[in-house]
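First the structure, in the form of structure tokens, and then the observations on it.
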Amino acid sequence: MSQFDIEKLPKGSKGFMYDWGSDQRAFKGVPWGKAMMWIFLLSDTFIFSCFLISLMTARASTVVPWPYPSEVFGLTVFGTSVPLLLIAIMTFVLITSSGTMAIAVKYGYEKNRKLCGWFLLATAIGGLTFVGMQAFEWSKLIFHDGVRPWGNPFGAEQFGAFFFMVTGFHGTHVSIGVIFLFIFARKVFRGDFDTGRRGYFTSMKSDYEAIEILGLYWHFVDLVWVFIFAFFYLW
Amino acid sequence: MTDEYTDNKLETKAADSSSGSYTPPAEAIPAKENPEQELYHAKSFWTKWVFCQDAKVIGIQYALTATAIGFIGLILSWGMRLQLGFPETFSFLGPATYYQSVTMHGMIMVIYLLTALFLGGFGNYLIPLMVGARDMVFPYVNMVSYWMFLVAVLVLLASFFVPGGPTGAGWTLYPPQAILPGTPGSEMGIVLMLVSLSLFVIGFTMGGLNYVITILQSRTRGMTLMRMPLTIWGIFTATVLALLAFPALFVACIMMTLDNLLGTSFFMPEIFTMGEKLDYAGGSPILFQHLFWFFGHPEVYIVALPAFGIVSDLISVHARKNVFGYRMMVWAIVIIGALSFIVWAHHMYVSGMNPWFGFFFATTTLIIAVPTAIKVYNWVLTLWRGNIHLTIPMLFSLGFIVTFVNGGITGLFLGNVIIDVPLSDTYFVVAHFHMVMGIAPLMVVFGAIYHWYPLITGRHLNQTLGKIHFWVTFVGAYAIYFPMHYLGFIGVPRRYFEMYDSPYMTSGVGLNQFITVAALIVGFTQFIFLYNIFTSWYKGEKSEKNPWKANSLEWHTPDYPPTHGNFGKELPVVYRWPYDFSVPGTDKEYIPQHVAPSEVPTAKAEQT
């Protein structure tokens, strides 16, 4: 019996046929957790697609004018109104946190405990900043501009409903991600992945693969934000 | 340099293609790709049987919970039937109770019974055993999945006890009526229903990810996708459908909850009630229908595909013959699954869609008949000249084929727009979907329970009670649903509390009474089945190992019934598909999947 060697498998389209025709694994060399996260993200994509398609239907069929985004999402700085300022900063912070996450994954591969931990922490703080700014945005819309889920002074009432629901759902995703980033930063700093310390709930060992899986989730959340950004703020 | 594994494969091919005498191929044992799975070994009673991480126990937990709630659904159907059959007699059944029974019966049966039983129950129990894994890939997540399901069921049950009772909006929960006063349960019932569904989706996603990844990434050596039992193919495809369809339901639930609690207008147009304008404006009820049916139609196949898979295995084992056209069966399952995502609006022909839209959806709907018919032909051809043992699983499988063909043919009527419009919202529809996704999958559920009960408990179910169960259920199902087709043709609308003195009810009155009596008898028989399950658990006839002489891995574990970790020290290596029955050239009547070619050198088994 030979040792399994992924390098020796056929490549390209032949490789695809070989992988799916073979035994044991359809995705060769992919750990279980990673495959699971990809399938979960596919399922989650359907959730966000349903939200955004619903938004498109509402917007296409409304008889009341849809609010003008650069007016609603403007911010007045030193007496001049700058459209989409806050959103631009929020988007920048979130995309930057994707960058730090990618670096954390790289150091995870290299089993560089310290740097991996620090970059995870930086990512978590980026995410936290994003959620904080979103809270600020929501409170400005609610308390200052009088936007409510059931109506707003700018136009079609579905605007507020969809805005709070979709950004809220995305914000929940970010918040869950931030919680896990903090947990995993702690795990990395403590050296769980080097010492094989067992998880509190699952009582299973884990390794640096977990960082990559968390990274997948985090990049997905950022990618979804790009679509939400386009649909709410640019359309 | 090529891999040894690939080399062996080539040799196998060469041996096959050489004409004339048959040479058994060289045995290729591929290298191990998956590291040995570390299992959680439970020590206490609580972690072993309650918060259990063993997929087999989780499967049983799922199955028992689903069965319990399913019997509540059964009793609710009795309430409906009593009202329809004898309208004046039962005063405890008011219109509100009737609508609540209809709604809860539908939702419970489709989601909390059938989906949970097929995927949560059979899926959990069979997937690791059949693909040769020690457990699901993430046992902890799998356990949480069950407990989420249980919470969803409890929330659903709680809605029976809140002011206003459970929702009575019909299982489709169409807005705006679902959340407006006048519909029973529009106070708290609908909220609890929506919350329960959302919890179910979350719980199912955890389980479903486990099933998919276990099948894709955790098969044993030699277990290629095309050597998997069709049961696994059915459950796998259904799980993929569920992972992609449930999101639409989840989104619809969230949006309707917000409409109800926060006063948003996602699905609510401008509405006047009692001469007053409500605060809603500008929403689209049709949007809900699209979201609901984008989930709702794949849901039909989430229930049907595992049934297709399981019944193929039952027929093959109990007719001692390989499945006819295995690859065709696999592709039919996959194609049906894919097509099920582009047919949803055939549930909405009367919603005022553009007729061209109806044309598109009618076309896609009728195309599904092609792979489905292929499957039916293949089941029949599997039986043809097979050595049919009329065991109870076989009886139920035969019952399945008949009821499924019946329900499938009425589906052709309803799939056509012009025929659907007059039949829409009549008892013809009720008869159709009960036949095709109620009775047919339940036949498979029953057959599967009689088939795998010995594996789970080490004992057989009582055969006499089983035969009574089959005949009463099968004949009774026809007694119930056949007349309903006729009721539909004479125009009896469904969901009506009472027909009053409608002219078409002259022949309908007697039929309704007949249906009610039949439904009571069939329902009662299910309690006999329940009694059989519980008494046979400790009193049933002891079964020897592999009583049906099946080939798939679950029957060939070192311990019987299988224990924690499933396969003892070494995972089995698979050399063939699970359908090597009555193979020519050998005195062995069946060749299990893990038997190497060298052990049966003379068998003329085709290499799969």
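Quick mapping for you: the protein sequence lines, in order, are chains H and U.
Residue 19 in my numbering sits at position 19 of the first sequence, and the numbers go up by one each step.
Residue 303 in my numbering sits at position 68 of the second sequence, and the numbers go up by one each step.
Just so it is clear, CB atoms sit at the ideal spot from N, CA and C, and this is done for glycine as well.
Residue-level contact by beta carbon holds for residue 458 (chain U) and chain H, with a gap shorter than 9 Å. Residue 82 (chain H): member of the beta strand (DSSP E) spanning 80-82, first to last residue. Sequence-distant partners of residue 730 (chain U) (beyond 5 residues in either direction) whose C-beta falls short of 8 Å from its own C-beta, in its chain, are 334, 337, 405 and 660.
The alpha-carbon of residue 742 (chain U) is positioned some 49 Å away from that of residue 782 (chain U). Contacts with chain H at 9 Å (Cβ-Cβ) include residue 375 (chain U). Sequence-distant Cβ neighbours of residue 283 (chain U) in its own chain, meaning closer than 7 Å and more than five residues away, are 277. Annotation note: the segment 259-292 of chain U contains no uninterrupted alpha helix (DSSP H) run of length 4 or greater. Cα atoms of residue 633 (chain U) and residue 558 (chain U): separation of roughly 15 Å, rounded to the nearest angstrom. If you ignore the 5 residues before and after residue 155 (chain H), its C-beta comes within less than 6 Å of the C-beta of 64, 65, 66 and 67, all in its own chain and listed in chain order. Within the model, the alpha-carbon separation for residue 225 (chain H) versus residue 564 (chain U) is close to 41 Å. Within chain U, the residues placing a beta-carbon under 8 Å from that of residue 30 (chain H) are 452, ordered along the chain. Three or more Cβ pairs drawn from the segment 378-388 of chain U and the segment 286-295 of chain U lie within less than 8 Å of each other, which places the two stretches in contact. As DSSP reads the structure, residue 23 (chain H) sits in a beta bridge with U:459. With its beta carbon less than 9 Å from one in chain H, residue 482 (chain U) belongs to the interface.
At a C-beta separation below 7 Å, residue 565 (chain U) has no neighbours in chain H, since its nearest C-beta there lies roughly 12 Å away. Separation of the CB atoms of residue 467 (chain U) and residue 362 (chain U) is rounded to 6 Å, and the pair is thereby assigned contact status at 8 Å. DSSP links residue 630 (chain U) through a beta bridge to no other residue.
In the pairwise beta carbon analysis, the segment 749-763 of chain U is classified as touching the segment 313-329 of chain U: at least three pairs are separated by under 8 Å.
Contact check for residue 582 (chain U) and residue 650 (chain U): beta-carbon distance about 11 Å, past the 8 Å limit, so the pair fails to qualify. Its Cα nearest to that of residue 423 (chain U), the residue U:402 stands out among U:402, U:435 and U:432. With respect to chain H, the C-beta atom of residue 445 (chain U) has a partner C-beta closer than 9 Å. Counting along the chain, residue 680 (chain U) sits inside the alpha helix (DSSP H) bounded by residues 675-692. At a cut-off of 9 Å between beta carbons, residue 518 (chain U) contacts chain H. In the three-state reduction of the DSSP assignment, residue 148 (chain H) falls in the strand class. The CB of residue 150 (chain H) comes closer than 8 Å to the CB of 497, 498, 499, 500 and 514 in chain U, given here in chain order. Beta-bridge partners assigned by DSSP to residue 507 (chain U): U:512. Taking all protein chains in view, the Cβ of residue 589 (chain U) is surrounded by fewer than 16 other Cβ atoms within 10 Å, so the residue is classified as exposed. Counting along the chain, the unbroken beta strand (DSSP E) around residue 76 (chain H) starts and ends at 75-77. Scanning its chain for C-beta atoms nearer than 8 Å, with the 5 sequence neighbours on each side dropped, one finds around residue 549 (chain U) the residues 628, 629, 631, 632, 679, 682, 683 and 686, in chain order. Note on residue 585 (chain U): under 16 other CB atoms within 10 angstroms of its CB, so exposed under the neighbour-count rule. The beta carbons of residue 217 (chain H) and residue 193 (chain H) sit no closer together than 9 Å. Cβ contact annotation for residue 732 (chain U) (same chain, cutoff 8 Å, sequence separation greater than five): 318, 330, 333 and 334, in chain order. The way I'd put it, the segment 478-491 of chain U does touch the segment 27-43 of chain H; three or more beta-carbon pairs between them come closer than 8 Å. About 11 Å separates the CB atoms of residue 346 (chain U) and residue 305 (chain U); that is not less than 8 Å, and the two are not in contact.
Boundaries of the alpha helix (DSSP H) harbouring residue 186 (chain H): 158-190, taken from the DSSP string. For residue 108 (chain H), no CB of chain U lies under 9 Å from its own CB, so it is not counted at the interface with that chain.
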